[in-house]
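Engineer: Residues in the sequence shown are numbered from 747 upward in steps of one, following the working numbering. Each residue gets a CB set at the ideal place from its N, CA and C atoms; glycine is no exception. This one's a predicted model, so the numbers in the text were calculated from it and none came from an experiment.
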Amino acid sequence: MSTKGPDPKVTDSELLQAVMSTNEPFATAKQVAEQVGLSSWRVRQRMSQLAGSGDIQRSQLGNGPYIYWLDGSFNSESET
């Protein structure tokens with residue numbers, strides 16, 4: 747039986763920790779998915795929920811992937 751909502755096997759804290767553990771100041775859903783063992787699609791869903799609640803920041807790179815970062819660790823608008 748399928749249920750809606752977060753996957754109980756991977757906590758929000760584990761997702762946020764995966765973002766923090768990358769070598770960059772941000773992470774993609776693919777990077778997080780590889781660390782926590784969920785599909786990229788499911789990670790995007792969960793990260794969207796976290797962004798909606800203000801736990802994480804996100805921005806889309808043009809028509810490409812979204813990137814995710816914790817508040818204050820990265821600014822998607824670089825000064826030139």
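Can you tell me the Cα-Cα spacing of S748 and N809, whole angstroms?
Structural biologist: Counting from 1 along the sequence shown, the entry for residue 748 is found at position 2. Counting from 1 along the sequence shown, the entry for residue 809 is found at position 63. Residue placement at S748 is poorly supported in this model, since its pLDDT is 49, which falls under 50; the coordinates are not used for a value here.
Engineer: Using only the alpha-carbon positions, how far apart do N803 and A773 sit?
Structural biologist: Numbered from 1 along the sequence shown, position 57 holds the residue referred to as residue 803. Numbered from 1 along the sequence shown, position 27 holds the residue referred to as residue 773. Checking the displayed sequence, the identity of residue 803 turns out to be Gln instead of Asn. Cα to Cα, the separation comes out at about 11 Å.
Engineer: Beta-carbon separation of V782 and E760 under 7 Å?
Structural biologist: Here residue 782 refers to the residue found at position 36 of the sequence shown. Here residue 760 refers to the residue found at position 14 of the sequence shown. Yes; because the gap between Cβ atoms is below 7 Å, this pair is in contact.
Engineer: With distances taken from CA atoms, which of Y812, L796, L816 is nearest A775?
Structural biologist: For the purposes of this step, residue 775 is identified with residue 29 of the sequence shown, where counting begins at 1. Nearest C-alpha to A775: Y812.
Engineer: What residues in its chain sit with their C-beta under 6 Å from that of V789, if we drop five residues either side in the sequence?
Structural biologist: Here residue 789 corresponds to residue number 43 of the sequence shown, with the count starting at 1. Hits under 6 Å: A775, V778, A779.
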